[in-house]
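Residue numbers (the numbering used here), protein chains in the order written: chain A, 602 to 828; chain B, 602 to 828.
The beta carbon of each residue, even a glycine, is placed where N, CA and C say it ideally should be.
Fair warning: this is a prediction, and the values are worked out from it, not measured in the lab.
2 protein chains.
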Amino acid sequence: MSLETDFEAVHTLADKVCAELCMAIERGELRPGDKLNEQALVERYGGSRIPIREAIQKLEARHLVKRIPHAGARVVKHTLKELRDIYEVRQELEGMACRLAAQRMSDNAIQALADLLAAHATTIAHDKGQSYYQKAGDLDFHYRIIQGSDNHRLQRMLCGELYHVVRMYRYQTSTSKQRPLQALAEHQRIVEALAARDAELAELLMRRHIQVSLNNLERLMKEELAS
Amino acid sequence: MSLETDFEAVHTLADKVCAELCMAIERGELRPGDKLNEQALVERYGGSRIPIREAIQKLEARHLVKRIPHAGARVVKHTLKELRDIYEVRQELEGMACRLAAQRMSDNAIQALADLLAAHATTIAHDKGQSYYQKAGDLDFHYRIIQGSDNHRLQRMLCGELYHVVRMYRYQTSTSKQRPLQALAEHQRIVEALAARDAELAELLMRRHIQVSLNNLERLMKEELAS
DNA sequence: TTTACTTGCATTGTATACAAAGATACTATT
DNA sequence: AATAGTATCTTTGTATACAATGCAAGTAAA
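Written out as structure tokens, the structure reads:
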């Protein structure tokens with residue numbers, strides 16, 4: 602099961618087109634501000650305009666596009682302030698998820714998370730600069746903790762709404778060489794807190810981890826703007 | 602500007618039907634588990650199936666209905682666990698909003714909030730048992746604090762997604778005679794914390810306020826189940 | 001009597017066609 | 001030359017029609 606397919610069964614054409622467009626946006630093939638012309642999408646993905654429109658509406662629910670009546674849909678474009686807002690909420694909700702996970706995850710699940718990090722360590726040692734897989738590993742780590750919160754609504758808000766936008770920025774910004782190693786160290790401290798069932802510490806560490814992530818993102822965005 | 606119309610301009614038929622259905626669900630005219638038959642809705646609200654389907658999709662984005670491919674849409678039905686999950690998230694996000702509001706709201710806005718509570722006090726003294734307007738007042742209070750957080754994403758998540766579901770339960774459960782007075786006292790303490798710019802206390806008080814709200818809701822639901 | 005299969009019906013998903021709103025380009029006037 | 005107004009054209013919103021899926025009722029066999 603890949604994170605790409607979004608763990609959702611696809612039964613209708615609208616679902617399929619939605620998944621395709623979602624990937625295209627997250628990967629940066631469709632960039633912020635780009636227009637989604639319905640007729641053009643029909644020619645690209647097949648089908649008729651009806652399922653295409655449904656797909657666009659689903660993307661709107663995921664906060665990936667903004668629709669304006671009679672003017673069409675465009676890929677969302679965030680100001681720096683809005684990006685900070687998103688990360689502020691993400692900090693709160695993932696901090697919460699981590700706190701709850703410390704109280705509710707099974708010992709086995711925590712052990713499995715520790716094993717996952719060990720695997721990441723060897724991956725980073727071998728594939729220096731293969732940032733794509735490292736990013737996927739990072740997402741997997743966060744995903745498991747969110748699942749560990751055992752709060753279904755929290756899971757939907759984080760995985761179903763916030764994370765699509767977060768992924769959109771993560772995939773597109775380059776990662777510095779030393780960041781994966783630093784992130785791994787932070788992940789390991791979080792797992793230690795989980796294993797110790799120290800909910801307060803686990804929450805604090807997760808919040809800081811995400812703060813660092815935002816700082817990096819802001820720096821990279823400024824560099825790209827400058828170049 | 603009424604809370605009912607959801608402060609969103611309505612330019613298309615789909616938007617209009619969505620707003621109508623939203624009200625119907627929040628008011629309990631459509632009850633959890635009820636099916637939304639597209640043809641029936643066409644006969645009730647006019648238009649054709651296309652805008653009706655769009656309206657239903659918008660309701661899905663608000664977490665008010667659940668659609669299953671080839672099986673139709675039904676009003677969401679929450680287990681007690683899921684209701685607790687929702688309030689757990691609400692506690693976190695409104696606590697956050699209150700903390701941020703203590704740091705970011707203008708002095709004028711805080712004063713206006715205090716004035717609003719004074720008005721509520723006289724309303725409660727006069728309209729004993731007129732719980733509808735008291736509930737509207739409560740929503741207005743929470744709404745203003747959320748706006749005060751100055752975090753647009755947080756506002757969208759709370760007002761655009763969580764609150765529709767919360768309202769759905771609030772309108773339908775009766776309120777005890779003494780609860781409005783107790784709630785007002787809690788609101789007043791929160792405003793005092795905001796005025797003192799005590800973010801930590803403001804967050805704590807808001808979290809407790811929502812916890813009380815959940816306890817009341819659980820008690821009422823159990824009573825209704827028993828009867 | 002129960003169960004499994006088949007057939008018909010109701011409902012949703014999709015395609016095509018038409019209406020209306022917005023954008024653009026051109027012309028006329030100041 | 002600049003601007004306002006108008007006409008055309010593109011694009012979205014909506015209606016109607018068809019296809020396909022799922023559900024239910026009814027029948028036949030065990």
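For Glu-801 of chain B, the closest Cβ of chain A is not nearer than 8 Å. Among the residues facing chain B, Pro-652 of chain A is not included, as its CB has no counterpart in that chain under 8 Å away. At a cut-off of 8 Å between beta-carbon atoms, Val-690 of chain A makes contact with chain B. Shown here for Ala-710 of chain A: same chain residues with a beta carbon closer than 7 Å to its own, the five before and five after excluded, namely Gly-749 in chain order.
In the structure shown, Leu-665 of chain B falls within a coil segment according to DSSP collapsed to helix, strand and coil. A Cβ-Cβ distance of about 5 Å is found for the pair Asp-686 of chain B and Asn-752 of chain A, placing them in contact under the 8 Å criterion. Between the alpha carbons of Asn-638 of chain A and Ala-674 of chain A lies a gap of roughly 7 Å.
Inclusion of Gly-648 of chain A and Leu-622 of chain A in the CB contact set at 8 Å is not warranted, their separation being larger than that value. Here the alpha carbon of Ala-726 of chain A sits roughly 22 Å from the alpha carbon of Thr-774 of chain A. The CB of Pro-670 of chain A comes closer than 8 Å to the CB of His-612, Thr-613, Asp-616 in chain B, given here in chain order.
Between Ala-620 of chain B and chain A, the shortest Cβ-Cβ separation is not below 8 Å. The beta carbon of His-810 of chain A sits closer than 6 Å to the beta carbons of Glu-787 from its chain, once the five residues preceding and following it are set aside; these are given in chain order. Excluding the 5 residues flanking it on each side, Pro-652 of chain B has same chain C-beta neighbours closer than 8 Å at Thr-613, Leu-614, Ala-615, Val-618, in chain order. The DSSP-derived three-state label of Arg-675 of chain A is strand. Residue pairing by DSSP places Lys-636 of chain B opposite B:Arg-675 in a beta bridge. With distances taken between CA atoms, Leu-660 of chain B lies nearest to B:Tyr-764 out of B:Ala-784, B:Glu-793, B:Tyr-764, B:Gln-735. The alpha-carbon of Val-666 of chain B is positioned some 42 Å away from that of Glu-825 of chain A. Judged by pairs of C-beta atoms under 8 Å, the stretch 681 to 698 of chain B does not touch the stretch 788 to 796 of chain B, as fewer than three such pairs exist. Listed along chain B are Glu-693, each with a C-beta nearer than 7 Å to that of Met-697 of chain A. The three-state secondary structure of Pro-652 of chain A, taken from DSSP, is helix. Closest by C-alpha distance to Leu-631 of chain A, out of A:Tyr-770, A:Gly-738, A:Arg-798, is A:Tyr-770.
Taken through DSSP and simplified to helix, strand or coil, Pro-670 of chain A comes out as coil. Rounded to the nearest angstrom, the Cβ distance from Gln-658 of chain A to Gln-658 of chain B is 5 Å, consistent with a contact under 8 Å. Judged by DSSP secondary structure, Ser-814 of chain B falls within the alpha helix (DSSP H) whose first and last residues are 800 to 827. By the Cβ neighbour-count rule, Glu-655 of chain A is buried, with 16 or more other Cβ atoms within 10 Å of its own.
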